[in-house]
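> Here it is: the structure, laid out below.
In UniProt numbering, the protein residues as written are 1 to 100.
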């Protein structure tokens, strides 16, 4: 399994005002939710499903190794890039794992 954050959306910018901090993340043109809605009447190819699963597991392995728990894994938080790879996004509910 990959040991990098390749399947995690990248931080593009960080902004703040008096009350809040804003993370500006890279954006892809489609989410897994959009793709699944498109495939309602057709089947997702097995190879695509396996690739998406692998990408998601790599991203989860990476963040868990870094001590984070995402807490909001769902198809709309999985972006699909032009290479048909999954990238995990939306870390708004993420927490830091307590050390064991």
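Just so you know, even glycine gets a beta-carbon here, dropped at the ideal spot from N, CA and C. Being a predicted model, the structure only gives us computed values, none of them experimental.
In three-state DSSP terms, what is residue 1?
With a pLDDT of only 49 at residue 1, under the threshold of 50, the placement of this residue in the model should not be trusted, and no figure is reported.
> For residue 73, which of helix, strand or coil comes out of DSSP?
Reduced to three states, the DSSP call for residue 73 is coil.
> Suppose contacts are defined by Cβ-Cβ distances below 8 Å. Is residue 87 in contact with residue 7 by that definition?
For residue 87 and residue 7, yes; Cβs fall inside 8 Å.
> Can you find at least 3 beta carbon pairs, one from the segment 65 to 77 and one from the segment 45 to 54, that sit closer than 8 Å?
Not touching, per the Cβ criterion.
> Straight-line CA distance for residue 32 to residue 98?
Cα to Cα, the separation comes out at about 30 Å.
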